[in-house]
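Chains A and B, in that order, are what the protein sequence lines are. First residue of the first sequence: 13, per my numbering; consecutive thereafter. First residue of the second sequence: 13, per my numbering; consecutive thereafter.
Protein chains: 2
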Amino acid sequence: MRDGEGTQATGTLIAIGGHEDKEGRRTILREVARLLGKGRLVVATVASHEPEGYFDGYKRAFADLGVTDLVELYVKERAQTALPETLRLMEGARGVFFSGGDQLRISSTLGDTPVARRVMEIFAAGGLIAGTSAGAAAMSDTMLVKGSNAESHRIGDLHMAPGLGLLPNVIVDQHFAERGRIGRLLGAVAQNPRELGVGIDEDTAIVVRGDRFEVIGAGGVYVVDGAGVTHSNIAEAAPQRALSMFDVRLHVLGDGDSFDLARRRPADMPEMRETRALEADAAGERGAQPGG
Amino acid sequence: MRDGEGTQATGTLIAIGGHEDKEGRRTILREVARLLGKGRLVVATVASHEPEGYFDGYKRAFADLGVTDLVELYVKERAQTALPETLRLMEGARGVFFSGGDQLRISSTLGDTPVARRVMEIFAAGGLIAGTSAGAAAMSDTMLVKGSNAESHRIGDLHMAPGLGLLPNVIVDQHFAERGRIGRLLGAVAQNPRELGVGIDEDTAIVVRGDRFEVIGAGGVYVVDGAGVTHSNIAEAAPQRALSMFDVRLHVLGDGDSFDLARRRPADMPEMRETRALEADAAGERGAQPGG
């Protein structure tokens with residue numbers, strides 16, 4: 013949604029790794045509610061091939077969190093995005109919540125439509141855009157799409173597509189503890205280390221404001237930084253080959269940790285200079301006492 | 013098996029991530045056969061609670077690879093390790109292959125027994141010690157043992173135990189594409205970054221000679237180096253908390269890649285100094301053009 017907009021992002025993004033708690037403490041949905049205040053929330057269920065169920069689930073989950081003005085946005089076909097009744101649903105909305113399903117349904121149905129422009133306007137006006145599972149993946153510039161997880165360590169099994177671009181230079185992956193996810197996020201970053209890989213566990217989210225995000229929820233967030241990579245075989249190797257990638261920097265973040273996307277550092281942490289000093293010390297030590 | 017031995021390792025270790033191909037090209041078993049030559053191979057099935065099946069499977073798989081002198085070593089109870097008929101099986105053996113199951117069965121049944129000492133003698137005499145799945149995990153000094161994978165991002169779900177110590181200062185994890193594995197290997201390394209974490213995919217192996225290993229097989233090998241870690245919450249956080257760990261160095265290796273365990277570098281790759289220069293350049297670039 014960056015294309016042709018040139019708008020400075022001023023709202024808040026919440027990217028959720030899927031399976032957020034809907035019945036207990038609801039840490040993540042509670043944060044969504046807090047940021048919305050009394051505003052209207054559009055629950056966009058377009059990622060599903062069938063709309064049933066998701067909306068009612070969120071309606072129940074949000075009921076006693078103070079979010080009472082909820083509307084469902086579901087379009088089966090791209091043509092429906094221009095209908096007056098579709099756009100009327102979004103009038104006065106303070107936030108949009110993309111539910112799970114297939115991220116290609118979101119991008120192919122909404123990309124470059126009046127609905128997508130309305131989402132961007134809500135965001136630019138200081139509103140909240142949240143997404144869980146496919147809804148989180150779709151926030152990327154270039155997003156990961158479904159492939160065979162079991163085989164995702166093979167270079168040829170990595171599938172990407174143009175996403176909504178709400179999070180520039182970030183590739184979001186979700187359900188991150190699932191089989192094979194770290195391999196495919198690493199492969200995606202190897203393709204262009206300009207992109208920062210962010211893998212989010214289930215019932216875990218990043219809350220992004222400007223260049224900074226904070227982690228909330230039960231699990232972990234994995235940040236894959238390829239800036240220092242010294243070798244990868246992503247361009248040379250045959251599709252059935254396994255990925256080779258040396259010197260990736262990885263951060264694991266938990267509830268309460270923050271990350272600075274511009275500096276590519278955990279927030280409030282010393283610069284790389286000190287990290288490198290630590291590494292040099294360690295290397296020196298090992299050099300002095302060779303062998304295992 | 014290091015304790016009290018003081019033996020300089022001179023043999024070859026093969027740690028396999030589980031589910032190695034037994035019917036097709038058999039890249040890994042072929043390498044086992046090549047290294048064995050015409051020597052006797054002891055297939056140790058002690059990791060299983062029941063011995064049936066594994067031995068016959070390997071007998072079939074190795075038959076046309078030239079390994080014809082195969083014997084099965086199975087002990088149900090620790091007391092059996094001292095029986096003359098048990099030790100007679102290992103006479104003249106050139107290699108030992110530990111099959112999968114439960115790594116705690118291997119360490120608790122064989123640790124500090126005549127069988128374990130015989131394994132170490134075979135290794136010291138230039139023989140081959142191979143292990144798949146639990147048999148690979150057990151090679152570690154301190155090994156990962158089964159926990160709940162789904163929850164392994166929580167600090168309290170990390171379970172470790174003393175392993176055989178064939179691979180000093182290395183923690184081997186196997187079936188590495190499975191759910192939650194990267195989180196638990198990171199947690200294990202956070203506990204003491206002296207240990208290098210090595211996660212091995214299925215049908216993939218590391219072949220270790222001295223301080224160097226080479227990767228063979230279909231998948232990837234993930235090397236987790238915690239030497240440069242600037243922060244972790246492993247000691248402070250409550251067991252139900254998620255792991256926090258900043259500035260991990262990660263290498264992804266595929267078939268044909270080599271790694272130097274003493275230098276902690278992919279083999280034949282420039283030293284960290286150059287990596288750091290690359291990182292400094294990248295940081296400088298980002299500093300000059302702030303924003304995402």
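Using N, Cα and C, we set each Cβ at its ideal position, and we do this for glycine too.
Partner residues on chain C for B/N245, Cβ-Cβ distance less than 8 Å:
No chain C is part of this structure, whose protein chains are labelled A and B.
Whether B/I212 touches B/V233 by CB criterion (8 Å):
yes
Whole-Å CB distance - A/V236 paired with A/V201, under 8 Å assumed
5 Å
Residue interval of the beta strand (DSSP E) (run including B/V83)
82 to 85
In the stretch 200 to 214 of chain A, which residues sit with their C-beta less than 7 Å from some C-beta in chain B, listed in chain order?
D213
Taking the runs of the alpha helix (DSSP H) that are 4 residues or longer, which of them lie wholly in the stretch 162 to 216 of chain A?
193 to 203
Bridge partners for A/S111 per DSSP, in chain order?
A/S111 pairs with nothing; no bridge assigned.
Proximity test, Cβ basis, 8 Å: A/D33 and chain B
no
Whole angstroms is fine: what's the gap from B/R261's alpha carbon to B/R193's?
17 Å
Residue-chain proximity (A/R224, chain B), Cβ-Cβ < 8 Å:
no
Cα-Cα separation between A/V108 and A/V157, rounded to whole angstroms:
Taking the straight line joining both Cα atoms gives about 21 Å.
Quick check: B/D185 and B/G229, are their CB atoms within less than 8 Å of each other?
no
Give me the Cα-Cα distance between B/E35 and B/V58, rounded to the nearest whole angstrom.
When rounded, the distance between both Cα atoms is 23 Å.
With 16 other CB atoms within 10 Å as the buried threshold, where does A/R206 fall?
exposed
Give me whichever residues DSSP pairs with A/R100 in a beta bridge.
Note: A/R100 sits in no beta bridge, so no partner.
Beta-carbon separation of A/L140 and A/L48 under 8 Å?
Contact flag set, yes.
Span of the beta strand (DSSP E) holding B/I246?
Premise fails: B/I246 is in no beta strand (DSSP E) and is neither H nor E.
As a quick exercise: from B/R46, B/G238, B/G29, B/D153, pick the residue whose alpha carbon is nearest that of B/F110.
B/G29
Residues of its chain near B/I167, where Cβ-Cβ distance is below 7 Å and the 5 sequence neighbours each way are ignored:
G199, I246, A249, P251, R253, L255
Could you check which residue in B/R106, B/R46, B/R117, B/T242 has the C-alpha nearest to that of B/H61?
B/R117
Let me know the secondary structure DSSP gives A/E307 once reduced to three states.
For residue 307 of chain A there is no data in the structure shown, the boundaries of chain A being 13 and 304.
Please classify B/T24 as buried or exposed, where buried requires at least 16 neighbouring CB atoms within 10 angstroms.
buried
Please compile the residues from chain B whose C-beta is within a distance smaller than 7 Å of the C-beta of A/E6.
With chain A represented from 13 up to 304, any question about residue 6 of chain A goes unanswered, as that position is not in the structure.
Between which two residues does the alpha helix (DSSP H) carrying B/A56 extend?
It is not in any alpha helix (DSSP H) - B/A56 instead sits in the beta strand (DSSP E) that spans 52 to 56.
Closer than 8 Å by beta-carbon distance: list the chain A residues that pair up with B/H263, in chain order.
Below the 8 Å Cβ cutoff, chain A contributes M257, F258, D259, V260 as neighbours of B/H263, in chain order.
Along chain A, in chain order, which residues have C-beta atoms closer than 9 Å to that of B/R196?
In chain order: nothing, as chain A lies at least about 10 Å away.
Can you check whether the C-beta of A/R191 is within less than 8 Å of a C-beta belonging to chain B?
yes
With a Cβ-Cβ cutoff of 8 Å, do A/V54 and A/V83 count as a contact?
yes
Buried or exposed for A/A217, going by 16 or more other Cβ atoms inside 10 Å?
buried
What residues in its chain sit with their C-beta under 6 Å from that of B/V127, if we drop five residues either side in the sequence?
T93
Should A/P96 go down as buried or exposed, given a rule of 16 or more other Cβ atoms within 10 Å for buried?
exposed
Between B/D81 and chain A, is the shortest Cβ-Cβ distance under 8 Å, so that the two count as touching?
no
Same chain only: Cβ atoms within 7 Å of B/G240, ignoring 5 sequence neighbours per side
Correct list, in chain order: D259, R261.
How many Å lie between B/G138 and B/V227 at the Cα?
20 Å
Quick one: is A/P278 near chain B, going by C-beta distance under 8 Å?
yes
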